[in-house]
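Numbering (this note's numbering), first residue to last: 308 to 701.
C-beta atoms are modelled at their ideal positions from N, C-alpha and C, and glycine is treated no differently.
Here the structure is a predicted model, which means the values were calculated and not measured.
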């Protein structure tokens with residue numbers, strides 16, 4: 308049986324490409340892996356007791372959309388964090404944010420838009436599930452370069468009206484992966500106004516929202532709600548980064564009533580609900596802020612370390628949120644090979660997170676570095692990285 312062309316044409320995923328690039332090359336020192344965005348801060352201790360006390364729940368089928376306790380906890384967190392009221396009926400639990408980012412397209416992207424093939428707007432570079440979701444619904448992916456010139460965010464307002472008119476979905480990640488740029492309220496208001504004028508939905512990926520430099524990033528659903536347009540945004544978040552539990556695979560999606568009806572309906576037929584004990588753990592995590600603040604303080608300490616180490620590197624811009632550095636280099640692959648050969652430092656070429664469009668790959672001149680180790684380990688690794696890679700640049 309022939310494989311659908313829309314999937315067979317997808318490029319290889321970033322990490323297999325990285326393994327192939329470094330295959331057979333001995334690291335120049337004890338390896339330091341700075342590639343994977345897997346939080347390493349301590350997860351909340353109290354959650355172990357919650358899990359143990361709910362183990363009997365593994366003997367029952369879980370509630371598909373999420374337990375009442377979990378949905379109430381998420382609704383309460385949205386209220387505290389974003390100062391809006393979102394009824395639990397407008398929320399659904401997810402097995403991690405990736406499920407929601409993919410299934411939102413399946414549930415909400417129409418087969419045609421104004422009689423044409425729908426377009427899905429994707430920042431470039433980007434979290435690769437956005438492009439796979441567009442392929443799954445046979446939409447046209449439109450990769451929007453996010454560069455220093457655009458503030459490392461997509462320039463939605465600069466798109467032609469004809470393209471916006473056939474746009475069905477627009478993905479936005481704030482704080483951005485990988486650059487750490489934050490969409491402020493003015494930016495979000497402009498995007499939401501465009502969505503209303505041209506009748507498309509915004510899929511807002513906010514999984515890095517609780518890791519920030521100076522102030523909590525605004526949420527797209529909150530801004531849309533205050534504008535009276537909550538149906539224009541589908542918000543997705545998770546506990547992976549907020550609570551340092553990527554292995555829990557726990558997140559949520561929230562949006563307007565009709566959008567959530569369709570997303571929940573898809574889950575009813577094709578989804579796998581989160582086990583009840585994990586829902587109990589998730590509810591407890593969303594209800595506690597102390598562990599989030601402790602983790603945030605560590606990330607802010609590491610921002611300061613990175614700024615001090617790379618402050619004299621031309622083109623360096625510290626992240627406003629998230630936990631990645633997006634470091635400027637001449638060539639991302641060449642820099643990755645040099646760091647591995649000479650220092651044993653493993654980073655990710657920026658081009659592996661981007662698509663080439665019209666001969667231009669906006670990630671080619673960057674490497675991504677994850678700030679997930681301890682502050683002391685981070686300082687040691689970043690100092691060695693700087694001395695290896697930027698020795699002739701000051």
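Nearest neighbour of residue 561 by Cα position, chosen from 603, 669, 386, turns out to be 386. Between residue 449 and residue 479, the gap from beta carbon to beta carbon reaches 8 Å or more.
The residue among 502, 438, 613 with its C-alpha nearest the C-alpha of residue 410 is 438. The beta carbon of residue 379 sits closer than 7 Å to those of 395, all from its chain and outside the five residues before and after it, given in chain order. Beta-bridge analysis with DSSP links residue 474 to 426. The beta carbons of residue 676 and residue 631 sit closer together than 8 Å. Setting aside the 5 residues that flank it on each side, residue 603 is surrounded in the same chain by 517, 518, each with a C-beta closer than 7 Å to its C-beta; the list follows chain order. Contact annotation: the segment 651 to 658 touches the segment 324 to 334, with at least three C-beta pairs closer than 8 Å.
Counting of Cβ neighbours within 10 angstroms places residue 445 among the exposed residues, the total staying below 16. Using a C-beta cut-off of 8 Å, the segment 489 to 499 makes contact with the segment 518 to 536, since at least three inter-stretch Cβ pairs fall below that distance.
In this structure, residue 636 keeps its C-beta atom at 8 Å or more from the C-beta atom of residue 569. By the Cβ-count criterion, residue 359 is exposed, with fewer than 16 other Cβ atoms from all chains shown falling within 10 Å of its own Cβ. Only exposed fits residue 349, as fewer than 16 other CB atoms lie within 10 angstroms of its CB.
Around the beta-carbon of residue 643, 16 or more other beta-carbon atoms lie within 10 Å, marking it buried. Rounded to the nearest whole angstrom, the CA to CA distance from residue 613 to residue 674 is 14 Å.
Taking 8 Å as the cut-off, the Cβ atoms of residue 590 and residue 362 do not count as close. In the DSSP assignment, residue 687 falls outside any beta strand (DSSP E) and lies within the alpha helix (DSSP H) extending over 682 to 696. Within the same chain, Cβ atoms closer than 8 Å to the Cβ of residue 482 are found at 488, 489, 515, 516, 518, 519, 524, 626, 627, 628, 629, the five residues on either side in sequence being excluded. DSSP assignment within the segment 315 to 392 yields the following whole alpha helix (DSSP H) runs of 4 residues or more, N-terminal first: 321 to 329, 353 to 360, 375 to 389. A Cβ-Cβ distance of about 6 Å is found for the pair residue 646 and residue 692, placing them in contact under the 8 Å criterion.
In terms of CA proximity to residue 384, 594 leads the group 474, 539, 594. Distance from the CA of residue 420 to the CA of residue 616, rounded to the nearest whole angstrom, comes to 49 Å. Boundaries of the alpha helix (DSSP H) harbouring residue 577: 564 to 577, taken from the DSSP string. Judged by their CB atoms, residue 582 and residue 364 are nearer to each other than the 8 Å cut-off. In this structure, the beta-carbon distance from residue 550 to residue 598 falls below 8 Å. When DSSP states are grouped into helix, strand and coil, residue 484 belongs to the coil group. Shortest Cα-Cα distance from residue 509 to any of 538, 534, 533 involves 538. Spatial neighbours of residue 354 in its own chain (CB-CB distance under 7 Å, excluding positions within 5 residues in sequence) are listed in chain order as 588, 591, 592. Residue 533 and residue 339 have their C-alpha atoms roughly 45 Å apart. Distance from the Cα of residue 503 is smallest, within the candidate group 472, 526, 433, 660, for 472. For residue 545, the uninterrupted beta strand (DSSP E) run begins and ends at 540 to 545, by DSSP. In the three-state scheme derived from DSSP, where H, G and I count as helix and E and B as strand, residue 614 is classed as helix. Taking a C-beta distance under 8 Å as the contact criterion, residue 433 and residue 660 qualify as a contact pair. Between residue 501 and residue 530, the CB-CB gap reaches or exceeds 8 Å. Assignment of residue 450 by DSSP, reduced to helix, strand and coil, places it in the strand class. By the criterion of a C-beta distance shorter than 6 Å, residue 547 is surrounded in its chain by 553, once the five residues flanking it on both sides are discounted.
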